[in-house]
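> Going by my numbering, the final residue of the sequence shown carries number 105, and the count climbs one at a time with no gaps.
All residues carry an ideal CB built from backbone N, CA and C; glycine is no exception.
Starting off with a structure, shown below.
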Amino acid sequence: MTKHNVPNVNKTSHGVFYDDAVGTTNDAWARAQQSGLSPLTTDGVDIYTVPMGRNVGFAGGADANALAGVPHTSVEIIVQSGTNNIITAYPVPG
12 MTKHNVPNVN
22 KTSHGVFYDD
32 AVGTTNDAWA
42 RAQQSGLSPL
52 TTDGVDIYTV
62 PMGRNVGFAG
72 GADANALAGV
82 PHTSVEIIVQ
92 SGTNNIITAY
102 PVPG
């Protein structure tokens, strides 16, 4: 997750958190659990897209210019399927 604290133009798409990645991800995970959000399951992972109700990040990859000004109001959390073991999390347009 901490790789999503800074832009990375070597990746096509790379969401960057405005604030602390760990704290924002913990907040998103709590929201997902409290709301009973169902994940998309694919290739051995569960993907949760959690609406945060506020802008939590921005595009910081090679696509940054194309997505300039697009609010990233959700956090995508990827966990090992059937567990709460977080693989990664990053802000996405919501």
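(1) When the Cα atoms are used, what is the spatial distance from G55 to I88?
(2) In chain order, what are the residue ranges of uninterrupted beta strand (DSSP E) at least 3 long that sit wholly in the stretch 32–65?
(3) Closest to T99 by CA distance: which of G26, N21, V20 and G71 is it?
(4) Roughly how many angstroms lie between the CA atoms of T36 and A77, to the nearest whole one?
(5) With H, G and I counted as helix, E and B as strand and the rest as coil, what does DSSP make of H15?
(6) Which residues in the same chain have their Cβ closer than 6 angstroms to the Cβ of A70, if we skip the five residues on either side of it in sequence?
Looking at the atomic coordinates:
(1) Counted from its first residue, the sequence shown places residue 55 at position 44. Counted from its first residue, the sequence shown places residue 88 at position 77. Approximately 14 angstroms, taken between the alpha carbons.
(2) 51–53 and 56–62
(3) What you label residue 99 is simply residue 88 of the sequence shown in a count that begins at 1. The shortest C-alpha separation from T99 is found at G26.
(4) On the sequence shown, residue 36 is found 25 positions in, with the first residue counted as 1. On the sequence shown, residue 77 is found 66 positions in, with the first residue counted as 1. C-alpha separation (whole angstroms): 25 angstroms.
(5) Residue 15 sits at position 4 when you count from the first residue of the sequence shown. In the structure shown, H15 sits in a helix (DSSP, three-state: H, G or I).
(6) Looking up residue 70 in the sequence shown gives position 59. L78, listed in sequence order.
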